[in-house]
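Residue numbers (my numbering), protein chains in the order written: chain H, 76 to 469; chain W, 76 to 469; chain E, 76 to 469; chain F, 76 to 469.
All C-beta atoms, glycine included, are put in the ideal place defined by N, C-alpha and C.
Bear in mind the structure is a predicted one, so any value in this text is a computation, not a measurement.
Notes follow once the structure below has been shown.
Protein chains: 4
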Amino acid sequence: MSHTITVSNSLIIDQYINVRKTSEKICEPLEIEDYVLQPIADVSPPKWHLGHTTWFFETFILLKHFKDYEAYNPQYNFVFNSYYESVGARIIRVDRGNLSRPTVTQVYEYRKHVDQEMNRFLTSTPLDDDLKSLIILGLNHEQQHQELLLTDIKYILGNNPLFPVYNISSKIITKSKPSSPIKIPEGVYKIGNDDKDGFNFDNERGRHKVYLPEFSIANELISNAEYLEFMEDGGYANFIYWHADGWEWVKKNGITAPLYWHKVDDKWHYYTLSGFQAVDPESPVCHVSYYEAFAFASWKGTRLPTEAEWEVASYYFNWGKRWEWTESAYLPYPGFKKEKGAIGEYNGKFMVSQMVLRGASEVTSKDHSRNTYRNFFYPSARWQFTGIRLILNP
Amino acid sequence: MSHTITVSNSLIIDQYINVRKTSEKICEPLEIEDYVLQPIADVSPPKWHLGHTTWFFETFILLKHFKDYEAYNPQYNFVFNSYYESVGARIIRVDRGNLSRPTVTQVYEYRKHVDQEMNRFLTSTPLDDDLKSLIILGLNHEQQHQELLLTDIKYILGNNPLFPVYNISSKIITKSKPSSPIKIPEGVYKIGNDDKDGFNFDNERGRHKVYLPEFSIANELISNAEYLEFMEDGGYANFIYWHADGWEWVKKNGITAPLYWHKVDDKWHYYTLSGFQAVDPESPVCHVSYYEAFAFASWKGTRLPTEAEWEVASYYFNWGKRWEWTESAYLPYPGFKKEKGAIGEYNGKFMVSQMVLRGASEVTSKDHSRNTYRNFFYPSARWQFTGIRLILNP
Amino acid sequence: MSHTITVSNSLIIDQYINVRKTSEKICEPLEIEDYVLQPIADVSPPKWHLGHTTWFFETFILLKHFKDYEAYNPQYNFVFNSYYESVGARIIRVDRGNLSRPTVTQVYEYRKHVDQEMNRFLTSTPLDDDLKSLIILGLNHEQQHQELLLTDIKYILGNNPLFPVYNISSKIITKSKPSSPIKIPEGVYKIGNDDKDGFNFDNERGRHKVYLPEFSIANELISNAEYLEFMEDGGYANFIYWHADGWEWVKKNGITAPLYWHKVDDKWHYYTLSGFQAVDPESPVCHVSYYEAFAFASWKGTRLPTEAEWEVASYYFNWGKRWEWTESAYLPYPGFKKEKGAIGEYNGKFMVSQMVLRGASEVTSKDHSRNTYRNFFYPSARWQFTGIRLILNP
Amino acid sequence: MSHTITVSNSLIIDQYINVRKTSEKICEPLEIEDYVLQPIADVSPPKWHLGHTTWFFETFILLKHFKDYEAYNPQYNFVFNSYYESVGARIIRVDRGNLSRPTVTQVYEYRKHVDQEMNRFLTSTPLDDDLKSLIILGLNHEQQHQELLLTDIKYILGNNPLFPVYNISSKIITKSKPSSPIKIPEGVYKIGNDDKDGFNFDNERGRHKVYLPEFSIANELISNAEYLEFMEDGGYANFIYWHADGWEWVKKNGITAPLYWHKVDDKWHYYTLSGFQAVDPESPVCHVSYYEAFAFASWKGTRLPTEAEWEVASYYFNWGKRWEWTESAYLPYPGFKKEKGAIGEYNGKFMVSQMVLRGASEVTSKDHSRNTYRNFFYPSARWQFTGIRLILNP
């Protein structure tokens, strides 16, 4: 981790406290029962998120750098490790939802213990740049899990026939007025994070040149009303708009609408974190897979942007409401190098068969948004707050 | 339900209170998190058991026979129904473990409400024999679920790497001294429940004649020590002892010991409701599948008893520690008739591809044990407290 | 194999030639391409049947008892072995259909070679009773495979959209006139093969007493017309007639009619070995699973016979057109003992989770039919020529 | 299909005859049985390839453009259609291997009929450019299937325990001497087919600019000897070299070597079209998946080329022995447009989750090789003649 982070210890402590509190705040509206479930493999139990982000600081900071620190509970490495093959045997991912213990109370006690020790560590130890980088990585890691917490909570509650409300006042997004498309001239542009200030992940680093032909891109995300036109025009019933894999996914899973949508009395409703309600035509469509985003673009006679196009144009439009699917597969940037050790497993090993999403969503931590950020999911994933922005001259 | 049950209302009220309290007592040592999980399809979440047994009284007694009673929460029919196809759509069974709501507190409130209404009903309404039978069926149904509660709790805790203790003082079973085998002479015998006193299920009714050749049967169950001999002799590695289906099950699942057994430092241990401990050589072997019971008998050069042999001989030996696998498939008795309506789905529709177990186990409700009782499971099931008794002259 | 078979060598040679020729005659109408396929795991490629029955004689007679005989091709043991775990590694069953070599011509050459050697052996060697028994077992084994050949050929051709004709003149079965049901009085009867004359399998041996209550059984099989009434009355759409497992099978596989039935222009047709034709209302219904036979009986308000009832009554009705499903699970007779060695794998290891069929079918070798014969399949199987006979006073 | 093809009718007739004969020549060494099988979903039966390529000409040329032509057998559309959703219902792909009819002889008759009609058509009809393009597309389509025929024949024979020889004199590839790597300077380059002369596919069209940083690429493919070093260094046992998906694929399928490799007497052998033989250390490694190519590059501390790098550098090295995996996902080129109608299903709908291969293999039709050609497979595929070329300054 070679890039320099010029932050003071006390600033790091403030950030640490702030990030850690935020995770717990997100869970405040939950019942204990909500913390335990894993209804599908993609979704992790909230108590696992709380434990796993804590395990990260214990394993990579305290156990390695804080003299005499001993593991709070050696079995927690087994329980809260995620995909880090180099840190010892782990529970296979689908089993996370089969563990009633440690209890929620015990997980919060574990958090409290690690937070106290982190405080002792940070107030007593001079931090070199590598260590600072590692702590900031841990905080960004936890912010990623904050977003996952919200998406997973939505899935857990939204697949319960009682449709429990998470937060009655959860924000409403309304669409701004349509405006002119953005036109970008042909040229060689630079994309990627220049690693000059602030935090970034290894997969976005390495600012590099790309050649782009001229293109125009929409100023706004596709709304529910526009997506409904696609549905009503038989978009889900006509293979011509779909990838072969996408069409098989539609058929096999009986997909006829975005995730969380239900037709009640012939009118479309959806589950939101504020409860079950009629679909708002003005809001940007949400919870669509890459297959659906592609099929929608196809039906419109156009296409999704590449990630380079998106990044270059992103200075000229508002983004941050939805993670936006791109036409780009998730691949390494020129010169990409995996970090050594377990941290190196963070991003690189997922660079096959997934698609890049750009932007951020309404549940993304705000200081965690930047236009070089590369999110990635398999093309069938849709439990994230995903959306669609189109190229206008395909 | 034609058989006469001569019990007074007040006796029924006493029984009702007693049975209902017992279910809640079983759950006392649980944490809220333990109530929610369904780690495999066979195992139901404890809160589902508590809700489902309550739903039975609400649906079949209160809603049908108590004037003006209205459903406590109409959606609970959807959530707590089990396999009764005639009572409306139900959640597919494997989804029970994906429901964090209703919460445990709400389930207990539901129980309280139904118990109060049942009390009002029982103290205000003259009961005809059919109604008494139905209530007693409901109580026996709940007693069945009490046994399932304990088996399922054991599975939930026993598959957690922390091996939490359920109840430190859970009873220890010691083997009585070996004694002479029981010899039954050839003859025509009667088996089945004569429906004269007490409760019984439709599947055990219809006392009828069977012809039996002479046979001898063991006075005692097979112990862990005896089963270990089979293991150490390569019993799990030699196809010759196994059914073709059993051998495939062993290979596919990598089975090398009964459920809950783990080898630690070259010594066999197992998870019990009192925690993780060394295998007791004197205790009857537990948690074996029919495939394993058959293979063990095969290795011994003998066989399991048929259910008719078991029932005829059962007057001469002690039973009640383990559900005992028999060589009999679960099939209707001569003259078996399904009840009309949803209650008719109770037993008959399972009469294919399952094997009969006789006796009762250490976690069976005591007044729920009788030697005509027919339990049944698929040949691979072993999360119940199952055991082995052998025929001695195959 | 203790029972005495008093047949001369020359009679055995005649039988051998006759049985072996019959297998090849069955395959005469086939194209080479038809010999190779395995469209589902249950169905074996015809060339495999021809090779496997030959391998049986080579392995168990020639290699063991004919001095200096050497394997025709040692790899054929690998290719043509079926389920005999003790005779060496074998191709997993589902892979039989992936082998284009040995070619059909090579398989016939293999047959020719083994037949010549068997002739040399039988004309040169005095046979003791055990050896005679073994050869006769081999011939009965081949006769079983002749039936399987015809059922498998029907499946291979009947699942081809071109519906090729196997044999234009394949026999038509017409229903005899309805006649009185057969009434059997209560009593202790004997069933099972007394092993006195002719061939029998280990699973049917051990004539033994059973007690039967009085019952009446139909003189005739259920016809297509009768089965169509069940279909038209919504039999496949009402769970009340089905086992839980059967209902799941219906739903999962979208079953709405017996195997090979297709509705064309609103009229039911089926594929037969003589080609595609309208369903004959008078013929006995064929290609139903145990689940369907049970559901049909349930809809009629009655049940299937047990195998003991069937055997005792079989002296009074005609049988041999369809394998008839019984209400009995496939379990060992009292005193059943597996043979030693590979031959012992023949029957016993299948005695779990399968149902007994009695009788014989239109494609069963005639001298292979006897009323003690116990056929067995899983309850979902229906590619055999199965049918339904009912008990009339359930 | 807008690009102009300036070829005369008579030249097209010559090409037609030549291509069609080549397919049949490839099948000459086959036994009839070899034509029928589909051992895995990826592999199609050779007779299906012969029928499908014929169906293409019948459906898209004769039925649409030859007055009065009637379908040879209307059911063949059902049997020989592949993935063209718009041309009517088709057999699901995995079922191709369950069809014994039409026979091989009938398929050759079908070919003969279509060839005669095509000859009548081509000698009697003036062809406009669109029609010429379509015929040439059909010929290129058949050339693609010629390569698939050889790969599929290798799979069918190479997975038979008898390892039959296809062609004893099949060519041996020896490695040329190592030479200097090729260095390409930074710059904006053009890639893609400029559609000026000869045939090309829609997915390679649209010559367009790309920016490339400086890179060096190997002059030679990785040899078996080099790959063996990776194997002997534990490459298949160390997750650090693999994508997460790749590692799961290795574990789940027990992969320890390229496809067709077997260790005999502690020495590596492989199946080739000339039979089973010792691995030649000098030959380029073959039959590796993208996962393996990536892991090998990772172990070497380098990476695979992108498709743009490959194409730009391809003028300076020899290629054509192996399809070479690139680091590029299969995505549309800028300005890519699907053709209208069924032909439009040719390529575009596969543009998700697959990786690009560049070059050609030893079994590719020679006039079918060009350095703009984009082949694509899922990252786990390895039954093609795939290989590895590395970037030398990652």
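C-beta neighbour in chain W for residue i, strict 8 Å
i, result
"H/Q101", "The residue you asked about is not Gln; residue 101 of chain H is Ile in the sequence shown. Chain W contact via Cβ: absent."
"E/N93", "no"
"E/P288", "yes"
"E/L223", "no"
"E/D308", "no"
"H/F153", "yes"
CB contact below 8 Å: residue i versus chain H
i, result
"F/L214", "no"
"F/M426", "yes"
"F/P333", "no"
"F/L467", "no"
Limits of the beta strand (DSSP E) - the one that residue i falls within
i, result
"F/K284", "H283 to L287"
"E/H443", "Element bounds for E/H443: n/a, residue is neither H nor E."
"W/N278", "No beta strand (DSSP E) holds W/N278; DSSP gives it neither H nor E."
"W/Y264", "G262 to I266"
"E/N450", "N450 to F452"
"H/L432", "M430 to G434"
"E/S403", "W398 to A404"
Residue i, enclosing alpha helix (DSSP H) - first and last residue
i, result
"W/A368", "Y365 to W374"
"W/K96", "N84 to C102"
"E/V154", "Q150 to F155"
"W/Y183", "V179 to S199"
"F/I243", "It is not in any alpha helix (DSSP H) - F/I243 carries neither H nor E in the DSSP assignment."
"E/A456", "It is not in any alpha helix (DSSP H) - E/A456 carries neither H nor E in the DSSP assignment."
"E/A383", "E382 to A388"
"H/K258", "First-last for H/K258: I257 to I259, but that is the beta strand (DSSP E), not the alpha helix (DSSP H)."
"W/T42", "Lying before the first or after the last residue shown, residue 42 of chain W is absent from chain W, which here runs from 76 to 469."
C-beta neighbour in chain E for residue i, strict 8 Å
i, result
"W/V169", "Residue confidence for W/V169 is low, a pLDDT of 49 falling below 50, so the modelled location carries little weight and cannot support an answer."
"F/L197", "no"
Short CB-CB distance (under 8 Å) between residue i and chain F
i, result
"H/A370", "no"
"E/T178", "yes"
Neighbouring residues, chain A, relative to residue i (Cβ below 7 Å)
i, result
"E/P409", "No chain A appears in the structure shown, which is made up of the protein chains H, W, E and F."
Exercise for the section: Determine which residues of the region 104 to 122 of chain F have a Cβ less than 9 Å from any Cβ of chain E, and write them out in chain order. Expected result: L105, E106, I107, E108, D109, Y110, V111, L112, Q113, P114, I115 and K122
Handout entry: Meets three-Cβ-pair contact criterion under 8 Å: the region 210 to 223 of chain F and the region 124 to 134 of chain F
Key = With a cut-off of 8 Å on Cβ pairs, the region 210 to 223 of chain F is in contact with the region 124 to 134 of chain F, counting three or more such pairs.
Practice task
Determine contact between the region 322 to 339 of chain H and the region 421 to 438 of chain H, defined as no fewer than three beta-carbon pairs at a distance below 8 Å.
Solution key: no
Problem - Inter-stretch contact at 8 Å, needing at least 3 Cβ pairs: the region 382 to 401 of chain F / the region 284 to 296 of chain F - result: Proximity of the region 382 to 401 of chain F to the region 284 to 296 of chain F meets the contact definition, three or more beta-carbon pairs being nearer than 8 Å.
Handout entry: the region 102 to 122 of chain F / the region 218 to 232 of chain F touching (three or more Cβ pairs under 8 Å)
Key = yes
Exercise for the section: Examine the Cβ distances between the region 302 to 317 of chain H and the region 369 to 388 of chain H and report whether three or more of them are shorter than 8 Å. Expected result: yes
Exercise for the section: Please go through the region 278 to 357 of chain H and give each complete beta strand (DSSP E) segment of 3 or more residues, from N-terminal end onward. Expected result: Correct list: 283 to 287, 290 to 292, 336 to 339, 342 to 347 and 350 to 353.
Handout entry: Touching by the beta-carbon criterion (3+ pairs, under 8 Å), the region 358 to 369 of chain F and the region 260 to 267 of chain F
Key = no
Handout entry: Contained alpha helix (DSSP H) runs [length at least 4] in the region 102 to 153 of chain F, N- to C-terminal order
Key = 121 to 132
Problem - contact_flag[the region 448 to 458 of chain H, the region 264 to 283 of chain H] where n(CB pairs < 8 Å) is 3 or more - result: yes
Exercise for the section: Could you please tell me which residues of the region 312 to 323 of chain H, in chain order, have their CB closer than 9 Å to any CB of chain F? Expected result: F314, I315, W317, H318, A319, D320, G321 and W322
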